[in-house]
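Undergrad: When you read off a place in the sequence shown, starting at 1, and then add 73, the result is the number in the numbering used here. The beta-carbon is built from N, C-alpha and C at its ideal position, and this holds for glycine as well. Remember, it's a predicted structure, so these values are computed and weren't measured experimentally. Before I ask anything, here is the structure I am working with.
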Amino acid sequence: MARVNAVKQPDLVLISWTRNPLVPGSARRIIAARVIGSAQPCTFTLAPKRLLINALNCLLDHDVGFKVVFQKKTSNVSGYLLLQRNK
Numbered sequence: 074m075a076r077v078n079a080v081k082q083p084d085l086v087l088i089s090w091t092r093n094p095l096v097p098g099s100a101r102r103i104i105a106a107r108v109i110g111s112a113q114p115c116t117f118t119l120a121p122k123r124l125l126i127n128a129l130n131c132l133l134d135h136d137v138g139f140k141v142v143f144q145k146k147t148s149n150v151s152g153y154l155l156l157q158r159n160k
């Protein structure tokens, strides 16, 4: 009987963000994040109220291997991103 190998699924990270509407140009902060698979070694950066730029700097690092596959602004002060890493 032939061996059957499972196909490795990609890791996904969905991040919802907002910025302070009373301060023009304020930093984007994470509202919520959902991880399917693993976000190691960047899991600690995905907590609510943390800066989005810090999470993106970690996730998009060449050693970590995530790429933004979709992003959308839902208003002038909010939006979301979907990142994917193929194993």
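1. Look at the alpha carbon of CYS131 and the alpha carbon of GLN157, and state the distance between them as a whole number of angstroms.
2. Helix, strand or coil: which one does DSSP assign to PHE117?
3. Looking only at its own chain, which residues have a Cβ that is under 6 Å from the Cβ of ASP84, when we skip the five neighbours before and after it?
4. How would you label ARG76, buried or exposed, when you count the other beta carbons within 10 angstroms and need 16 or more for buried?
5. Got a sec, what are the start and stop residues for the beta strand (DSSP E) LEU155 sits in?
TA: Taking the coordinates as given:
1. As a first step, residue 131 is located in the sequence shown; it is residue number 58 there, counting from the start. As a first step, residue 157 is located in the sequence shown; it is residue number 84 there, counting from the start. Put simply, the backbone Cα of CYS131 is about 13 Å away from that of GLN157.
2. As a first step, residue 117 is located in the sequence shown; it is residue number 44 there, counting from the start. Three-state result, PHE117: helix.
3. For the purposes of this step, residue 84 is identified with residue 11 of the sequence shown, where counting begins at 1. GLY110, SER111, ARG158.
4. As a first step, residue 76 is located in the sequence shown; it is residue number 3 there, counting from the start. By the Cβ-count criterion, ARG76 is exposed, with fewer than 16 other Cβ atoms from all chains shown falling within 10 Å of its own Cβ.
5. Residue numbering aside, residue 155 sits at position 82 when the sequence shown is read from its first letter. From DSSP, the beta strand (DSSP E) with LEU155 extends over 151–158.
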